[in-house]
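**Q**
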Amino acid sequence: MQRRDFVKAMIAATATARAAAGQQTAPPVAQKLPPAAPKAPGPVPWSRGLLDVKPLPMTPLVPDAVAETNAHFFTDTQMAALRRLGEIFMPPAKGYPGATEAAAPEFLDFLIGASPEDRRQMYQSGLDRLEAESKQKFSISFAQASAAQADQLIRPWLRPWMNDHPPAEQYALFINTAHMDLRTATVNSQAWADAARAAGKQVPDVDLYWYPVDPDLRREAASRRSSVN
Amino acid sequence: MAEEKVDVLIIGSGHSGGMAAKILTGKGINCVMLNAGPIADVHKDTEVKPAYTLPYRGFKQPGQLPHVFQSNEFNANTWVDEKEVPYTYDPQKPYNWVRVRLFGGRSLFWSRQSFRLSDYEFKGKSHDGYGDDWPISLADLGPYYARVEAIFRVTGHADGLPQYPDGNFVVDDAPWTVAMQRFRDAGKKMSVPVCKARSSVGVNGLASSVNLLLPDAFETGKMKAIPNVVVRELSVDKNTGLVNEVHFVDRLSHREMSIKARVVVLAAGTLESTRLLLNSKIANSSGVLGHYLTDQIYGAGVTCSVPEARNGKSNSTLMGGGALIPRFRNIESKHPKFLRGYALNIFSSTGGMDPRNFAAYGAELEEKLDTYHGSGFHTGIMGEVLPRYENQVSIDKEAVDAWNIPALRIDTKYTDNEHDMARDAVDTSVAMAEAAGFEVLVKNYNVNPPGYSIHELGTCRMGDDPKTSVLNKWNQSHDIKNLLVVDASSFVSGGWQNPTMTILALSMRASEHLAEEMRKGNV
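Those sequence lines, one after another, are chains F and D.
All letters in the first sequence, in the order written, are residues 1 to 229 by our numbering.
All letters in the second sequence, in the order written, are residues 230 to 752 by our numbering.
1) Please give the ranges of any beta strand (DSSP E) in the region 319–400 of chain D, keeping only runs that are unbroken, at least 3 residues long and fully inside the region.
2) Taking any Cβ of chain C, which residues in the region 288–307 of chain D have a Cβ under 9 Å from it, in chain order?
3) Along the region 574–591 of chain D, where does the CB come closer than 9 Å to a CB of chain F? Name the residues.
4) Cutting at 6 Å between CB atoms, please list the residues of its own chain near alanine 662 (chain D), excluding the five before and the five after it.
5) Which bits of chain D does phenylalanine 73 (chain F) rub up against, with CB to CB less than 8 Å?
6) Any beta carbon from chain F within less than 9 Å of alanine 269 (chain D)'s own beta carbon?
7) What are the partner residues of alanine 636 (chain D), as DSSP defines its beta bridges?
8) Tell me the residue span of the alpha helix (DSSP H) that contains glutamate 462 (chain D).
9) Tell me, which residues are paired with histidine 607 (chain D) by DSSP?
10) For serine 706 (chain D), does the three-state DSSP call read helix, strand or coil?
11) Distance, Cα to Cα, isoleucine 240 (chain D) vs alanine 592 (chain D)?
12) Pick helix, strand or coil for lysine 418 (chain D), following the three-state DSSP scheme.
13) Output yes or no for whether 9 Å exceeds the beta carbon distance between alanine 80 (chain F) and alanine 143 (chain F).
14) Taking the straight line between their C-alpha atoms, what separation do you get for tryptophan 308 (chain D) and methionine 582 (chain D)?
15) Could you tell me whether the Cβ atoms of phenylalanine 74 (chain F) and aspartate 109 (chain F) are closer together than 9 Å?
16) For alanine 222 (chain F), which three-state DSSP category applies?
17) So what's tyrosine 316 (chain D) in DSSP terms, helix, strand or just coil?
18) Can you give me the Cβ contacts of glutamine 525 (chain D) inside the same chain, cut-off strictly under 7 Å, excluding the 5 residues immediately before and after it?
19) Hey, is valine 517 (chain D)'s beta-carbon within less than 9 Å of any beta-carbon in chain F?
20) Flag phenylalanine 174 (chain F) as yes if its beta-carbon sits less than 9 Å from any beta-carbon of chain D, otherwise no.
21) Run through the region 461–545 of chain D for me and flag every whole beta strand (DSSP E) of 3 or more residues, listed as ranges in chain order.
22) Go ahead and pull the three-state DSSP assignment for tryptophan 157 (chain F).
23) What residues from chain D crowd round phenylalanine 89 (chain F), counting only those whose CB sits closer than 8 Å?
24) Report yes or no: is there a C-beta of chain D within less than 9 Å of the C-beta of lysine 201 (chain F)?
25) Ends of the alpha helix (DSSP H) at tryptophan 192 (chain F)?
26) Which residue marks the beginning of the beta strand (DSSP E) containing alanine 552 (chain D), and which one marks its end?
27) Under 9 Å, do serine 518 (chain D) and threonine 503 (chain D) count as touching if we go by C-beta distance?
28) If you reduce the DSSP assignment to three classes, tell me which class threonine 307 (chain D) lands in.
29) Just to make sure I have the definition right: I need the residues of chain D whose C-beta is within less than 7 Å of the C-beta of glutamine 190 (chain F). Which are they?
30) Below 8 Å on the Cβ atoms is my guess for arginine 195 (chain D) versus tyrosine 324 (chain D); work out the distance and round it to an integer in Å.
31) If the cut is a Cβ gap below 7 Å, which residues of chain F does leucine 522 (chain D) touch?
32) Using a Cβ-Cβ cutoff of less than 8 Å, which residues in the same chain neighbour leucine 390 (chain D) once the five nearest sequence positions on both sides are dropped?
33) Cα separation between methionine 650 (chain D) and valine 62 (chain F)?
34) Thinking just about the alpha-carbon of each residue, which of D:Cys260, D:Asp369 and D:Ala265 is nearest to the one in aspartate 236 (chain D)?
35) Does the beta carbon of aspartate 164 (chain F) come closer than 9 Å to any beta carbon on chain D?
36) Which residues mark the beginning and the end of the beta strand (DSSP E) in which alanine 454 (chain D) is found?
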């Protein structure tokens with residue numbers, strides 16, 4: 001017998017002897033185990049039958065279908081200017097909703113309100129300037145500006161640009177970003193998708209969505225601990 | 230009871246780690262692979278959805294992944310969250326560190342552009358006097374490139390250009406579209422070659438470690454893998470000077486564990502491999518570990534419209550397809566403003582235009598989008614960034630990740646050489662497009678921040694001199710012979726080429742050499 005095998009045999013024999021001795025003298029095994037996990041109150045286990053349940057015959061509703069977003073980030077004046085900007089930039093056309101019908105300004109109120117400070121500032125100061133220039137030039141709020149008046153205020157700041165490289169000037173950045181944001185919020189709305197389906201067209205921006213893959217439950221705590229920069 | 234010691238421990242499961250596993254297990258060597266993230270199951274983890282059903286209507290969640298320009302609400306959960314794994318930088322010198330920790334790493338998501346480096350890169354110093362030559366040449370790596378190209382099924386066309394070395398291609402003989410041919414003709418008059426692009430077809434649409442490399446490794450029965458473990462440190466035996474143990478943390482439970490190995494192969498991705506070595510305080514007798522970080526400039530380019538394709542006249546004979554302009558500057562002549570060179574990706578589309586390309590809104594914009602539909606023609610730069618000692622990474626002792634592992638500080642920036650190169654790329658694109666009769670709609674001279682290309686290279690470079698390099702020409706540490714680094718941190722320079730084929734070829738070559746050295750008992 002090799003030495004290694006001999007040692008293994010000795011260890012096994014010792015363990016067996018200890019186990020045999022333990023059976024004679026030790027208290028019942030159940031008393032040595034950790035306490036069992038507490039059972040939920042009630043006459044049956046809570047999860048009984050769930051494995052066999054059939055999926056409900058339902059399609060989950062997106063809240064926008066029946067509810068309105070409560071705007072609360074922008075001031076009333078800023079919100080009115082943003083709504084007018086939505087009407088100008090993205091009016092309804094060819095059976096598709098415009099920004100107003102898609103509640104895009106209200107969605108942006110939520111989105112920008114949740115955004116980092118530099119983006120919030122860019123929107124707020126941009127809307128304030130739009131309002132101020134409208135009053136200065138036409139003596140009316142931008143919300144009351146005609147399409148021709150709005151065009152005079154907006155067009156000088158329109159720029160063609162490429163993805164990831166928006167205009168550098170702050171006000172041009174606002175005008176062009178707000179344009180694309182209002183457009184995206186409109187095209188990616190349920191109202192737009194419904195119109196596309198009604199027209200027999202493909203719903204835009206359908207893609208493969210990734211759920212969190214095996215998320216670390218401590219991620220939130222970690223992100224609070226860690227600091228970037 | 231744990232096994233006494235594994236033969237080879239591979240850290241990382243992307244292209245470089247997958248290739249090491251395939252080669253080493255194929256030689257009968259037992260391997261254990263550690264990966265920092267989970268195994269993704271596309272059937273379980275994904276669902277096709279319209280944007281309106283998502284919480285943010287397809288916009289990125291505010292504040293999330295600010296440096297991952299490639300992210301969106303659909304794919305946000307595939308990227309490393311920089312709050313969980315932070316890195317630091319001077320706010321004046323931002324860096325986009327784009328990472329994936331899913332099993333298979335970034336090999337799951339890449340552009341498939343498949344190029345060889347040429348001797349204009351391997352022997353750059355010999356050509357123009359800047360930087361350092363690699364310790365190997367194209368002739369050394371050529372046979373490995375050919376085998377990698379066969380595995381990844383690279384499509385391409387032999388062009389016979391020394392700066393664009395031909396390879397072992399699935400031959401692309403498809404005719405050029407009319408628009409591409411006009412652009413080619415314009416380039417010919419300016420001595421700018423417009424060639425077929427080269428791309429990995431892979432199998433069933435995927436060209437990844439998880440379908441082309443790792444299955445072969447597991448098939449041998451010599452391969453084991455542990456997902457969800459974050460490596461903290463490598464330790465060295467003080468008597469032998471060899472790496473003998475790897476310490477890691479269970480990602481979910483945060484349990485600290487260790488594993489002993491005869492050989493360690495680092496394949497965690499350029500900056501993670503270097504971070505691990507820096508945190509371990511090993512393999513740096515040269516003092517250059519962390520230095521010479523480089524990548525490639527992206528973002529500058531032009532968007533054009535081909536007039537003949539407007540008003541509903543676009544079709545697949547006229548439009549569509551891609552091309553590549555390989556480096557043409559500083560080959561035969563010397564450019565007055567910059568060293569080295571750039572390539573241009575060219576593509577045209579029969580689909581819709583980006584509304585951002587027009588200074589218009591409302592009905593006017595809709596009319597433009599209708600009129601211009603199917604007429605888009607685009608160029609985009611892939612430019613070499615000069616390797617510089619001062620572009621470096623180090624450990625930031627003030628910041629740690631979710632597992633209390635010290636974070637990386639990245640200190641790098643582009644210089645006039647890169648910006649002048651981008652300007653030349655855009656001006657050349659405009660001149661060629663106008664000569665071809667296209668309308669230039671937008672031109673952008675600005676490059677994206679460093680890191681954007683997801684081609685971080687260097688920081689653990691190879692070389693013949695142990696005083697000026699971290700690895701030898703076999704990707705083996707000069708200081709620790711049972712430690713290899715097989716990812717792109719070994720690069721001496723990056724060229725303009727997508728580095729994937731070179732990473733794979735280097736890992737294949739290094740792994741075969743390692744197997745032979747192990748067989749001889751030298752490692």
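Where is the CB? At the ideal position from N, CA and C, for every residue including glycine.
Source: prediction; values computed, not measured.
**A** Let me lay it out:
1) Runs found: 383–385.
2) No chain C appears in this structure, whose protein chains are F and D.
3) Cβ contacts with chain F come from Asp583, Pro584, Arg585, Asn586, Phe587, Ala588, Ala589, Tyr590 and Gly591.
4) Cys533 and Val669.
5) Those do not exist, as phenylalanine 73 (chain F) stays about 12 Å from chain D at its closest Cβ, beyond 8 Å.
6) Flagged as an interface residue toward chain F: alanine 269 (chain D), by a C-beta distance shorter than 9 Å.
7) Per DSSP, D:Asp625.
8) In this chain, glutamate 462 (chain D) is not harboured by any alpha helix (DSSP H); it is covered by the beta strand (DSSP E) spanning 458–465.
9) BP columns for histidine 607 (chain D) point to D:Thr532 and D:Phe576.
10) Note: serine 706 (chain D) maps to strand in three-state DSSP.
11) Rounded to whole angstroms, isoleucine 240 (chain D) and alanine 592 (chain D) show a C-alpha spacing of 55 Å.
12) Here lysine 418 (chain D) sits in helix by DSSP.
13) Yes; because the gap between Cβ atoms is below 9 Å, this pair is in contact.
14) So the alpha carbons of these two residues sit roughly 28 Å apart.
15) Yes, Cβ-Cβ distance for phenylalanine 74 (chain F) and aspartate 109 (chain F) is below 9 Å.
16) The predicted position of alanine 222 (chain F) is uncertain, since its pLDDT is 47 and thus under 50; no value can be drawn from it.
17) Secondary structure of tyrosine 316 (chain D) (DSSP, three-state): strand.
18) Cβ neighbours of glutamine 525 (chain D) within its own chain (closer than 7 Å, five residues either side excluded): Met611, Gly612, Glu613, Val614, Ser682, His684, Gly723 and Trp725.
19) Closer than 9 Å: no.
20) With respect to chain D, the C-beta atom of phenylalanine 174 (chain F) has no partner C-beta closer than 9 Å.
21) Unbroken beta strand (DSSP E) stretches of 3 residues or longer found wholly inside the region 461–545 of chain D: 472–479, 485–495 and 530–534, given in chain order.
22) Reduced to three states, the DSSP call for tryptophan 157 (chain F) is helix.
23) By Cβ distance, chain D contributes Tyr590 and Gly591.
24) The beta-carbon of lysine 201 (chain F) is placed no less than 9 Å from the nearest beta-carbon of chain D.
25) Tryptophan 192 (chain F): member of the alpha helix (DSSP H) spanning 190–198, first to last residue.
26) In the DSSP assignment, alanine 552 (chain D) falls within the unbroken beta strand (DSSP E) covering 551–554.
27) Per the sequence shown, the amino acid found at residue 518 (chain D) is leucine instead of serine. With contacts defined as CB atoms closer than 9 Å, leucine 518 (chain D) and threonine 503 (chain D) qualify as a contacting pair.
28) In this structure, DSSP gives threonine 307 (chain D) a helical state, which the three-state scheme calls helix.
29) Chain D residues near glutamine 190 (chain F): Tyr281.
30) Missing from the structure shown is residue 195 (chain D); chain D here goes from 230 to 752 and no further.
31) Chain order gives no chain F residues near leucine 522 (chain D), where near means a beta carbon separation below 7 Å; the closest approach is about 18 Å.
32) Result list for leucine 390 (chain D): Pro422, Cys424 and Pro555, in chain order.
33) Those two C-alpha atoms are separated by around 49 Å.
34) Nearest of D:Cys260, D:Asp369 and D:Ala265 to aspartate 236 (chain D), Cα basis: D:Cys260.
35) At a cut-off of 9 Å between C-beta atoms, aspartate 164 (chain F) counts as an interface residue with respect to chain D.
36) Alanine 454 (chain D) -> beta strand (DSSP E) spans 452–455.
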